[in-house]
Amino acid sequence: MAKMHSSIAIRVTFAFLASASLSAARAGAQISLGDALREADRSSYGNRIARGSADVQSAQTLSPLKGILPSVRFEGGYLRTTDPIGVFGATLRQRAVSPANFEPQRLNYPPAIGNYQSAIVLEQPLFNADAWNGRTAAIRSARASLARQDWTGLTIRVEVVRAYYGAVLAMERSATLQASANAAHAHVRQAEAMVRQGLVTKSDALLAAVRAGDIDAQLAEARGNATTALRQLAVALGRDGTLSRDMTATAHLPTTNRIRAVITAADTMETVPAPRADLRAASEGLAAARADERRARSAYLPRLNSFARYDWNSPDRLYGGDRNWTVGILASWSPFTGASEIGDIRAATGRVKIAEAQAAAARATAHLEVEQTRTVLMVALTRLEIAERAVAQSAEAHRIVGRKYEGGLATVTELLDAQAAETQSALALSQARWSTIIAAAERRLALGGDPGSLQALDDVVPDGSASQQTSIGSDHND
Numbered sequence: 034m035a036k037m038h039s040s041i042a043i044r045v046t047f048a049f050l051a052s053a054s055l056s057a058a059r060a061g062a063q064i065s066l067g068d069a070l071r072e073a074d075r076s077s078y079g080n081r082i083a084r085g086s087a088d089v090q091s092a093q094t095l096s097p098l099k100g101i102l103p104s105v106r107f108e109g110g111y112l113r114t115t116d117p118i119g120v121f122g123a124t125l126r127q128r129a130v131s132p133a134n135f136e137p138q139r140l141n142y143p144p145a146i147g148n149y150q151s152a153i154v155l156e157q158p159l160f161n162a163d164a165w166n167g168r169t170a171a172i173r174s175a176r177a178s179l180a181r182q183d184w185t186g187l188t189i190r191v192e193v194v195r196a197y198y199g200a201v202l203a204m205e206r207s208a209t210l211q212a213s214a215n216a217a218h219a220h221v222r223q224a225e226a227m228v229r230q231g232l233v234t235k236s237d238a239l240l241a242a243v244r245a246g247d248i249d250a251q252l253a254e255a256r257g258n259a260t261t262a263l264r265q266l267a268v269a270l271g272r273d274g275t276l277s278r279d280m281t282a283t284a285h286l287p288t289t290n291r292i293r294a295v296i297t298a299a300d301t302m303e304t305v306p307a308p309r310a311d312l313r314a315a316s317e318g319l320a321a322a323r324a325d326e327r328r329a330r331s332a333y334l335p336r337l338n339s340f341a342r343y344d345w346n347s348p349d350r351l352y353g354g355d356r357n358w359t360v361g362i363l364a365s366w367s368p369f370t371g372a373s374e375i376g377d378i379r380a381a382t383g384r385v386k387i388a389e390a391q392a393a394a395a396r397a398t399a400h401l402e403v404e405q406t407r408t409v410l411m412v413a414l415t416r417l418e419i420a421e422r423a424v425a426q427s428a429e430a431h432r433i434v435g436r437k438y439e440g441g442l443a444t445v446t447e448l449l450d451a452q453a454a455e456t457q458s459a460l461a462l463s464q465a466r467w468s469t470i471i472a473a474a475e476r477r478l479a480l481g482g483d484p485g486s487l488q489a490l491d492d493v494v495p496d497g498s499a500s501q502q503t504s505i506g507s508d509h510n511d
């Protein structure tokens, strides 16, 4: 078959598509991974809930202080009575007793009297074991809540990394399929031209058109997925899912070289985990449960409290008249109050058992995650290397088949399959890069580190590697 006298050359690179996407993104501010992480730390739904829970638990540490710290109370009231004892007592408190008050008729049928009674009362608990143990339990619970807040923040950072680069992956897939669609339509035009020249049959053009239509459908789906991914990122940041002008991520994933440089750092490849916030929360929760059990048991112990008060009684106004003072110590012991203490102790003991199981489960889960994430990361790095080679190999295979097709040595099916293989290898490389980033984020979380350190990937410098400059197209020369 004679060679074509005209050439059809389409070479669309990811770098070009990324530049076009970035130009469009400049219409609105582009959000980086670091920006997304900082916004999520402030505003994500999970972090806001965790902060609220920690505030509630911290406030509860103040309740047991009622049985530990002194209290001051101001009292005031007014009464008017004809009760003989009440009248004589109010008269005596007002320092107004005279011999006439002892007259039998007046004692039995006194006239009504009004009295303003007011007081300042100071109460100081001396020994309340249940309050002290309750205070310890509340403090431990508050610490556990703070640790859970820290762990929630770290897990949300993993989800932000996943959502952010998920959006980037969706955009890159759209760019890859756009390049593939351009190449597919070029094949259609090429086949149609060769049909007109009698070099191939009409079935070649029809097959090329079918393949181009299939890629167009995939492209439409990819564009929809890219929009959905950006909305998911917005929700992960604590927004309502509406796309704003700044809701535009970078147009391409970091290069493989950049990913390897950041991911192979010591904080990701380390084998010995650092103290994890979820384990600290489990430990503090167990300590809180044990302190609460001691609180329940100490309800059987005696209580000792003291008080001091000043009282005023006046017929005219509050805090008027002469002042009286009273001081005292009160001991109380309730060895049995209807079995409520027994129920409280049993419930507290049950909570200790739950906390012990939760702490053991947290330690086992942490150990499993350390081992599991190491395996996942190693597999992801291996897949990344394989996918990178496959991109270069499929591009070269597509080029060779294209030349053979022009020379009549290959069928259109072989040409279209070669293009499809190149497209799939490019998509697989994007997926491998994304999977490696997510594996690194989960690895850092499992080690007790900060997944947010992956914002170092923001510093993406295209290096001309196959991972960034892969071509999808055909290049046919005379």
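Under the numbering used here, the very last position in the sequence shown is 511; numbers go up by exactly one each time. Glycine is no exception: its CB is placed at the ideal position from the N, C-alpha and C atoms. In this text, all values refer to a predicted model and were calculated from it rather than measured experimentally.
As for any alpha helix (DSSP H) of minimum length 4 sitting wholly inside the region 92–158, the runs are 117–126 and 137–141, ordered along the chain. When beta bridges are read from the DSSP output, Tyr343 appears opposite Ile153 and Trp358.
Comparing alpha carbon positions, the residue from Ala238, Gln182, Ala451 and Ala175 closest to Tyr78 is Gln182. Asn141 counts as exposed, since fewer than 16 other C-beta atoms from the protein chains shown sit within 10 angstroms of its C-beta.
Minimum Cα-Cα distance from Ser367 among the listed residues Gly85, Val233 and Asp163 corresponds to Asp163. Apart from the 5 residues on each side of it in sequence, His218 sits with its Cβ closer than 8 Å to the Cβ of Ala245 in its chain, given in chain order. Under the three-state reduction of DSSP output, Ser236 falls in the helix class. Non-local beta-carbon contacts of Leu179 in its own chain, meaning distances under 7 Å to residues more than five positions away in sequence, involve Ala87 in chain order.
The C-alpha of Gln223 is placed about 11 Å away from the C-alpha of Gln230. At least 7 Å separates the beta-carbon of Val409 from that of Ala453.
For Trp467, the enclosing alpha helix (DSSP H) begins and ends at Val445 to Ala479. Using a Cβ distance threshold of 7 Å, Leu266 and Tyr198 do not count as a contacting pair. If you draw a 10 Å sphere on the C-beta of Ile296, you find 16 or more other C-beta atoms in it, and that means buried. Look at the beta carbons and you see the region 228–243 not touching the region 251–262: under three pairs across the two are nearer than 8 Å.
Going by DSSP, His400 is part of the alpha helix (DSSP H) stretching over Ser373 to Glu439.
Beta bridge pairing from DSSP links Arg336 with Ser365. Relative to the Cα of Ala307, the nearest Cα in the group Thr415, Arg476 and Ile292 belongs to Arg476. For Gln223, the enclosing alpha helix (DSSP H) covers residues Ala162 to Arg229.
Considering only Ile378, Asp311, Thr283 and Gly383, the residue with the shortest C-alpha distance to Arg330 is Ile378. Across the set Val154, Ala129, Ser65 and Gly361, the C-alpha of Val154 shows the shortest separation from the C-alpha of Arg342. With a cutoff of 7 Å on beta-carbon distance, Pro103 and Gly167 are scored as not near each other. Assignment of Tyr352 by DSSP, reduced to helix, strand and coil, places it in the coil class. Only residues of its own chain outside the window of five on either side were considered, and among them Thr260, Leu263, Arg264 and Ala267 have a CB closer than 8 Å to the CB of Leu276, listed in chain order. The count of Cβ pairs closer than 8 Å, one atom from the region 477–492 and one from the region 63–73, reaches three, so the stretches are in contact. Taking a contact to require three or more Cβ pairs closer than 8 Å, the region 457–473 and the region 420–440 qualify as touching.
Counting only runs of at least 4 residues, the region 65–89 fully encloses the following alpha helix (DSSP H) elements, listed from N- to C-terminal order: 66–76. Nearest in C-alpha terms to Leu337, of all of Leu159, Val89 and Ala152, is Leu159. Counting along the chain, the unbroken alpha helix (DSSP H) around Thr289 starts and ends at Thr289 to Ile296.
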